[in-house]
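A short worksheet on the structure shown next.
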Ligand SMILES: NC(=O)c1ccc[n+]([C@@H]2O[C@H](COP(=O)([O-])OP(=O)(O)OC[C@H]3O[C@@H](n4cnc5c(N)ncnc54)[C@H](OP(=O)(O)O)[C@@H]3O)[C@@H](O)[C@H]2O)c1
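Numbering (this note's numbering), first residue to last: 92 to 274.
Next up, the structure:
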């Protein structure tokens, strides 16, 4: 199964502003189209409970929402609430009425941390960067951005990922894709 992460950051590796919202400086139409195409290709989207609540789902995509508010799993329609301390990823995906070959991981921070290492680690992590953008006092793409002042690229390297050649999505918008070193 493919586990594909998508994040967009500025120069400081923050994904959300001090109020916990997605700031306008991180929005770019071409990057958004790239992201949406990735979601369209996935069978299930995995995201945190806060992102689930603030992000509309007009396409009706299947969502697996990480939360500690349930013991194991709770399904309502195309949304499954999942506590990974109570149920495995495989058990969670089995709640959906489809064969799952590709999941898209859309964050936020603690969700990206969860899939960074371990048996459910990313097959590929797409880090889009809006060059020149900064998000003062924001939320890091990984916990160690804030906790230890580390760059996202250093965190990915330390976790055993290799960077693929940089692609330019749009003027001033870079795509840095990372894959496990041993894959
Ligand atoms: N720029 C980007 O690429 C990007 C990506 C994603 C999100 N965002 C933005 O960032 C903001 C939200 O991100 P966020 O990091 O603050 O929150 P988030 O990850 O969307 O949600 C956090 C919640 O997810 C649940 N959760 C996370 N990890 C878990 C784990 N290991 N086990 C169980 N539950 C877990 C918890 O829910 P409970 O409290 O229910 O237990 C936690 O409070 C939004 O504004 C969103 O638009 C930006």
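C-beta: ideal position from N, C-alpha, C; glycine also.
Closest by C-alpha distance to residue i, when choosing among the options
| i | options | result |
| --- | --- | --- |
| residue 142 | 265, 124, 107, 215 | 107 |
| residue 257 | 250, 144, 270 | 270 |
| residue 220 | 94, 93, 98, 111 | 98 |
| residue 222 | 215, 189, 265, 255 | 265 |
| residue 186 | 201, 260, 134 | 134 |
| residue 95 | 102, 259, 215, 260 | 215 |
| residue 122 | 243, 260, 268, 267 | 260 |
| residue 93 | 201, 253, 190 | 190 |
| residue 111 | 146, 243, 272 | 146 |
Close Cβ partners of residue i (< 7 Å) along its chain, the five nearest in sequence each way excluded
| i | result |
| --- | --- |
| residue 169 | 151, 153, 154 |
| residue 177 | 162, 163 |
| residue 109 | 227, 228, 229 |
| residue 183 | 155, 164, 171, 173 |
| residue 198 | 98, 106, 138, 139, 142 |
| residue 192 | 92, 93, 134 |
| residue 241 | 235 |
Closer than 8 Å: residue i CB and nearest ligand 1 heavy atom
| i | result |
| --- | --- |
| residue 208 | no |
| residue 292 | Not covered by the structure: residue 292. The range shown for the chain is 92 to 274. |
| residue 260 | no |
| residue 143 | yes |
| residue 225 | no |
| residue 159 | yes |
| residue 181 | no |
| residue 146 | yes |
| residue 107 | yes |
| residue 244 | no |
| residue 162 | no |
| residue 40 | In the structure as shown, the chain starts at 92 and stops at 274, and residue 40 therefore has no counterpart that could be examined. |
| residue 113 | yes |
| residue 62 | The structure shown has nothing for residue 62, since the chain only spans 92 to 274. |
| residue 202 | yes |
| residue 98 | yes |
| residue 135 | no |
| residue 130 | no |
| residue 205 | yes |
| residue 230 | yes |
Cut-off 6 Å between Cβ atoms - residues of its own chain near residue i, not counting five sequence neighbours on either side
| i | result |
| --- | --- |
| residue 263 | 222 |
| residue 250 | 207, 208 |
| residue 255 | 268 |
| residue 196 | 96, 137, 206 |
| residue 180 | 211 |
Cβ-based neighbour list, residue i, same chain, cut-off 8 Å, excluding 5 preceding and 5 following
| i | result |
| --- | --- |
| residue 225 | 101, 102, 103, 105, 116 |
Three-pair Cβ contact test at 8 Å for the stretch 125-135 versus the stretch 225-237: no
Cβ contact (3+ pairs, closer than 8 Å) linking the stretch 207-217 and the stretch 154-163: no
Three CB pairs or more closer than 8 Å across the stretch 237-245 and the stretch 112-122: no
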